[in-house]
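Below is one structure, written out as structure tokens, with a few remarks after it.
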Amino acid sequence: MIPHFITWIWHIRGSLALAPGQSSDDAFDRLDPLFHQTGTSRDRTSDTLTFHKKDQAAQDKMSVFDGGVLRIEKSTAGPVLRYHLTSRALLFCFLAPLLFLALAQATIAVNRFYTPGTSAADKQAAAKAEEKKKAAEEKLAKMQMNPIDKALGAPAPKKPGADDKGDEDKRKPTPKPAYVFAGIFAALYLVGRILEDRLIKSLFKKRLLAS
Amino acid sequence: MDGVRVGNRVIGTQAPVTVGWENIPKVEGGPVKRFIFTWFQPAALLALVVFWYYAPNSIAKASTAIGIGIGFNALLLVLEWVNPRYDSWRLTWKELATDLFFVGLGYTVIHTASYYIGSDAWADAALNYLAADHFGWFMTLPLLVQALLILFIFDFGQYWMHRGMHNWYPLWLPHSVHHYITQLNINKGAVGNPIELFLIGLGIGGFFDFLPRAFLLSGAIGMAISTYQHINVRFNSPRWWRFLFNTTEHHSLHHSQDYESTRCNYSNSLIFIDRMFGTCIDGEAELLGMEGGRRMSIREQMTYPFTEGWKAIKGRLDPARNWPAAGGGNRVETAPHV
Numbered sequence: 003m004i005p006h007f008i009t010w011i012w013h014i015r016g017s018l019a020l021a022p023g024q025s026s027d028d029a030f031d032r033l034d035p036l037f038h039q040t041g042t043s044r045d046r047t048s049d050t051l052t053f054h055k056k057d058q059a060a061q062d063k064m065s066v067f068d069g070g071v072l073r074i075e076k077s078t079a080g081p082v083l084r085y086h087l088t089s090r091a092l093l094f095c096f097l098a099p100l101l102f103l104a105l106a107q108a109t110i111a112v113n114r115f116y117t118p119g120t121s122a123a124d125k126q127a128a129a130k131a132e133e134k135k136k137a138a139e140e141k142l143a144k145m146q147m148n149p150i151d152k153a154l155g156a157p158a159p160k161k162p163g164a165d166d167k168g169d170e171d172k173r174k175p176t177p178k179p180a181y182v183f184a185g186i187f188a189a190l191y192l193v194g195r196i197l198e199d200r201l202i203k204s205l206f207k208k209r210l211l212a213s
Numbered sequence: 014m015d016g017v018r019v020g021n022r023v024i025g026t027q028a029p030v031t032v033g034w035e036n037i038p039k040v041e042g043g044p045v046k047r048f049i050f051t052w053f054q055p056a057a058l059l060a061l062v063v064f065w066y067y068a069p070n071s072i073a074k075a076s077t078a079i080g081i082g083i084g085f086n087a088l089l090l091v092l093e094w095v096n097p098r099y100d101s102w103r104l105t106w107k108e109l110a111t112d113l114f115f116v117g118l119g120y121t122v123i124h125t126a127s128y129y130i131g132s133d134a135w136a137d138a139a140l141n142y143l144a145a146d147h148f149g150w151f152m153t154l155p156l157l158v159q160a161l162l163i164l165f166i167f168d169f170g171q172y173w174m175h176r177g178m179h180n181w182y183p184l185w186l187p188h189s190v191h192h193y194i195t196q197l198n199i200n201k202g203a204v205g206n207p208i209e210l211f212l213i214g215l216g217i218g219g220f221f222d223f224l225p226r227a228f229l230l231s232g233a234i235g236m237a238i239s240t241y242q243h244i245n246v247r248f249n250s251p252r253w254w255r256f257l258f259n260t261t262e263h264h265s266l267h268h269s270q271d272y273e274s275t276r277c278n279y280s281n282s283l284i285f286i287d288r289m290f291g292t293c294i295d296g297e298a299e300l301l302g303m304e305g306g307r308r309m310s311i312r313e314q315m316t317y318p319f320t321e322g323w324k325a326i327k328g329r330l331d332p333a334r335n336w337p338a339a340g341g342g343n344r345v346e347t348a349p350h351v
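Top to bottom, those sequences are chains L and G. Just so you know, we're using my numbering here: the first sequence kicks off at 3 and counts up by one. Just so you know, we're using my numbering here: the second sequence kicks off at 14 and counts up by one.
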């Protein structure tokens, strides 16, 4: 049995008071169109509706959920709809930061793998590459700007040595994007957990109160 | 459905499509809104060209380009919300999370793979082996010409890779996943199997030398054109723009549920490449995807090329079965998933 505070990550539970005297059949009839969607199967008894979704359409209003149970219970204050829905999308989003943190570590490992070693051959290759880079920079510095660019006032290409640390091999993979996406998904999870909880409650409420 | 005859083909027999610019809806609303959504695309392109042409060296850096790219994407997300092309393409939390996951893969795994084993790395290795230098033929040309050449070289390669993906089953397998998207939003271009995203980034650009600023200019021009392939915004793109550049209209047709419509508009930015090779159709579609619009989960997007590839190999070994067609040509037989 998984503790409630853990299942809270991808389970959404809630309740809504029905109008006094509203029957289970009437409540489920009003909610029924929500379950007539592509990839949705549902099973209805007098006071319980169970549904499952697979490959749900993007615009399905309940697309974030993969299954759940809706139950009408009698209480002293009147009938109440209690729902318990599960969402793999929320669980995935909760776990995504871990995946991106792992990718950050993988990037570090790959960079290390490709870093030239200390053998004589590696040193020679690194020196050759450095020499080639310098030659390319010098060639660039000697190159005359195209007269059209000169006339239009475009800045001259950067001279070698000037601000070298600025854009040195900026394409080389770093773990930074993975850390950024870990943060983005942590924020996205919090937004989704709160937003989808509210949206489903308001969707059920709208349907149940619709005249 | 009867479909529409376009040249030698009949399109729109399996799902509704709109053909011809005169039949495509215009931006609705007041004069200010219509003005903004008519001139936004050319104005953004011009602003980016001017910025990258004149930005001082201290600013003209890859990090600035990344920042501008993120800001531009955020602005376009706002435009999607303000003026959607179709309500049926509205961005939801789940769609956004899915799209961002693939964007994240693009910035991490795919970027790392492209850097170390992509076409630029192979070009460098080949030139090293041949003790040759990069081809610096274009470096003295005007900056803008260099930028357009970079764009054309990349787009030309991408056109043929993309067309190959729709015509050769082993390449179609990784690309097919991208065709399961059922709506166009700003980050949908990143959605696909990582193998396809790696393959589509291959090109011969690594053999050439251009000025660093020309690369930045080219990247900005590419961004200001190709981003509109996947976007849920209605624009009144000017006639010259639609003639030269790929638009949401062109690309929505390419993603249509109608098989014949998917076999057109292959280029990334420059639709005139499609015009050159007779594969351009001017039109649009709202109903997108495969198998009647079945939305594929992330897990299936990751495994689909392998599971389907395995099935195809088994089929190949069995003489009673046929090798499936590329481009999802056999999907008419597949019932919509209900």
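We put the beta carbon where it would ideally sit given N, CA and C, even for glycine. All figures in this text were calculated on a predicted structure; none of them were measured in a lab.
Terminal residues of the beta strand (DSSP E) in which residue i lies
i, result
"E75 (chain L)", "69 to 77"
"D45 (chain L)", "42 to 46"
"R276 (chain G)", "Unbroken run through R276 (chain G): none, as it is neither H nor E."
"R18 (chain G)", "17 to 19"
In DSSP terms, what residue i is bridged to
i, result
"V158 (chain G)", "Paired residues: none, contrary to the question."
"T88 (chain L)", "L:H13, L:G69"
"F258 (chain G)", "G:L283"
"E297 (chain G)", "G:T31"
"L51 (chain L)", "L:R46, L:L72"
"S269 (chain G)", "G:L301"
"A60 (chain L)", "Looking at the DSSP assignment, A60 (chain L) forms no beta bridge with any residue, so it has no partner."
"P81 (chain L)", "L:K76"
"F221 (chain G)", "G:F148"
"L219 (chain L)", "Within the shown structure, residues of chain L are numbered from 3 to 213, placing residue 219 (chain L) beyond reach of any answer."
Environment of residue i [buried if 16+ CB atoms lie within 10 Å]
i, result
"P159 (chain L)", "buried"
"M289 (chain G)", "exposed"
"G302 (chain G)", "buried"
"W102 (chain G)", "buried"
"A298 (chain G)", "buried"
"A212 (chain L)", "exposed"
"W94 (chain G)", "exposed"
"I244 (chain G)", "buried"
"Q270 (chain G)", "buried"
"Y193 (chain G)", "buried"
"L300 (chain G)", "buried"
"Q107 (chain L)", "exposed"
"A131 (chain L)", "exposed"
"D15 (chain G)", "exposed"
"H38 (chain L)", "exposed"
"K107 (chain G)", "buried"
"F167 (chain G)", "buried"
"R98 (chain G)", "buried"
Span of the alpha helix (DSSP H) around residue i
i, result
"K134 (chain L)", "122 to 144"
"L201 (chain L)", "178 to 211"
"I361 (chain G)", "Shown here, chain G extends from 14 to 351; a query on residue 361 (chain G) therefore has no answer."
"R1 (chain L)", "Because residue 1 (chain L) is not part of the residues shown, which for chain L are 3 to 213, the question remains open."
"R226 (chain G)", "225 to 239"
"R329 (chain G)", "311 to 330"
"L154 (chain L)", "149 to 154"
Proximity test, Cβ basis, 9 Å: residue i and chain C
i, result
"R98 (chain G)", "This model lacks chain C altogether; the protein chains it does include are L and G."
As an exercise, report each continuous alpha helix (DSSP H) stretch of at least 4 residues that is fully enclosed by the region 43 to 77 of chain G, in chain order.
44 to 67
Can you list, in chain order, the residues of the region 245 to 279 of chain G whose Cβ is nearer than 9 Å to any Cβ on chain L?
none
If you measure beta-carbon to beta-carbon, which residues of the region 107 to 138 of chain G are closer than 7 Å to chain L?
K107, E108, A110, L113, F114, G117, Y120, T121, V122, H124, T125, Y128, Y129
Where the region 229 to 240 of chain G meets chain L: residues whose CB sits under 9 Å from a CB there
none
Please name the residues in the region 106 to 118 of chain L whose beta-carbon is closer than 7 Å to at least one beta-carbon of chain G, in chain order.
T109, V112, Y116
Chain-ordered residues of the region 168 to 191 of chain G with a beta carbon less than 8 Å from chain L:
none
In chain order, which continuous runs of the alpha helix (DSSP H) of length 4 or greater are located wholly inside the region 87 to 125 of chain G?
106 to 118
I'd like the ranges of any alpha helix (DSSP H) spanning at least 4 consecutive residues and lying wholly in the region 143 to 215 of chain G.
156 to 178, 182 to 189, 207 to 213
Residues within the region 188 to 204 of chain L neighbouring chain G, beta-carbon criterion of under 9 Å:
L190, Y191, V193, G194, L197, E198, L201
Using a beta-carbon distance cut-off of less than 7 Å, what residues from the region 62 to 96 of chain G approach chain L?
Y66, Y67, P69, N70, S71, K74, A75, S76
Going along the region 123 to 140 of chain L in order, which residues come within less than 7 Å of chain G, judged by CB to CB distance?
none
Positions along the region 297 to 308 of chain G whose CB lies within less than 8 Å of some CB in chain L:
G306, R307, R308
If you measure beta-carbon to beta-carbon, which residues of the region 141 to 160 of chain L are closer than 9 Å to chain G?
K141, L142, M145, Q146, M147, N148, P149, I150, D151, L154, G155, A156, P157, A158, P159, K160
Would you list, in chain order, the members of the region 147 to 160 of chain G that have their beta-carbon closer than 7 Å to a beta-carbon of chain L?
M152, T153, L154, P155, L156
Chain L contacts from the region 215 to 226 of chain G (Cβ-Cβ distance under 8 Å)
D222, L224, P225, R226
Listed in chain order, which residues of the region 49 to 80 of chain L have Cβ atoms closer than 7 Å to some Cβ of chain G?
D57, Q58, A59, A60, Q61, S65, V66
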